[in-house]
Amino acid sequence: MTASETRSEIAVPAPPPSGGDVALPMALLELELSLDRFSGNRDDFSAFVRTVADDIGGELLFDLPASGLVDNCLTIAVLRHGQAGGQAPAILFVCLDADGSTIRVEQPSERTAGLASFAEAFVGVLERI
84 MTASETRSEI
94 AVPAPPPSGG
104 DVALPMALLE
114 LELSLDRFSG
124 NRDDFSAFVR
134 TVADDIGGEL
144 LFDLPASGLV
154 DNCLTIAVLR
164 HGQAGGQAPA
174 ILFVCLDADG
184 STIRVEQPSE
194 RTAGLASFAE
204 AFVGVLERI
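So this is what it looks like as structure tokens:
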């Protein structure tokens, strides 16, 4: 393009995310803020996560030792967080870090896909009972 052929491009903002795309990040934010109150230890982890899950409209499905499945993690609590607007509930992992006093939230990834599938199957069994 020569100088006389320059053209101007108008920046067009990205469309806002659909309602379902916004619901999970908001749920994650709410969950993370609630989990920031944790001041216990490994023994308090499951009860604390269950209370937080109940408070935000989710449910603790189960917890298990991380066994190397998630880096820098002792225990994984698997939550199902219900979403509004007919969206499918999301599976989330709450991880107790190796220090035993810090909690973080993770979404399923390639590495944890098997655990996420197991959690979905677990929910399916519970719903049939």
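Add 83 to a position in the sequence shown, counting from 1, and you land on the number used in this note's numbering. Here a beta-carbon is modelled for each residue, glycine too, at the ideal position from N, C-alpha and C. What you are looking at is a predicted structure, and each value in this text was computed from that prediction instead of being measured.
Mind reading off the beta-carbon distance from valine 161 to alanine 136? Whole number of angstroms is fine, and I expect it under 8 Å.
-> Here the question's residue 161 lines up with position 78 in the sequence shown. Here the question's residue 136 lines up with position 53 in the sequence shown. Going by Cβ atoms, the distance from valine 161 to alanine 136 rounds to 10 Å, so no, they are not a contact pair.
Have a look at the DSSP bridge pairing and note the partners of glutamate 142.
-> Along the sequence shown, read from residue 1 onward, the residue named residue 142 stands at position 59. Note: glutamate 142 sits in a beta bridge opposite Arg163.
Cα separation between arginine 120 and leucine 179?
-> As a position in the sequence shown, residue 120 is number 37, starting the count at 1. As a position in the sequence shown, residue 179 is number 96, starting the count at 1. When rounded, the separation of the alpha-carbon atoms in arginine 120 and leucine 179 is 13 Å.
If we cut at 8 Å on Cβ distances, does threonine 185 have a partner in chain B?
-> Checking the listed chains, one finds no chain B in this structure; it contains a single protein chain.
Run through the region 111 to 158 for me and flag every whole alpha helix (DSSP H) of 4 or more residues, listed as ranges in chain order.
-> Fully enclosed alpha helix (DSSP H) runs of 4 or longer: 128 to 138.
Kindly list the residues whose CB is nearer than 6 Å to the CB of arginine 187, restricted to its own chain and excluding five residues on each side of it in sequence; keep chain order.
-> By 1-based counting over the sequence shown, the position of residue 187 is 104. Contacts found: Cys178.
C-beta atoms of glutamate 142 and arginine 163 nearer than 8 Å | Within the sequence shown, the letter at position 59 stands for residue 142. Within the sequence shown, the letter at position 80 stands for residue 163. Cβ distance < 8 Å, so glutamate 142 and arginine 163 count as in contact.
For leucine 209, which residues from the same chain have a beta carbon less than 6 Å from its beta carbon, with the 5 sequence-adjacent residues on both sides left out?
-> Within the sequence shown, residue 209 is the residue found at index 126, counting from 1. If we look at leucine 209 and ignore the five residues flanking it on each side, it has no Cβ neighbours.
Identified DSSP bridge partners for alanine 173 = For this step, residue 173 is matched to residue 90 along the sequence shown. As a beta-bridge residue in DSSP terms, alanine 173 pairs with His164.
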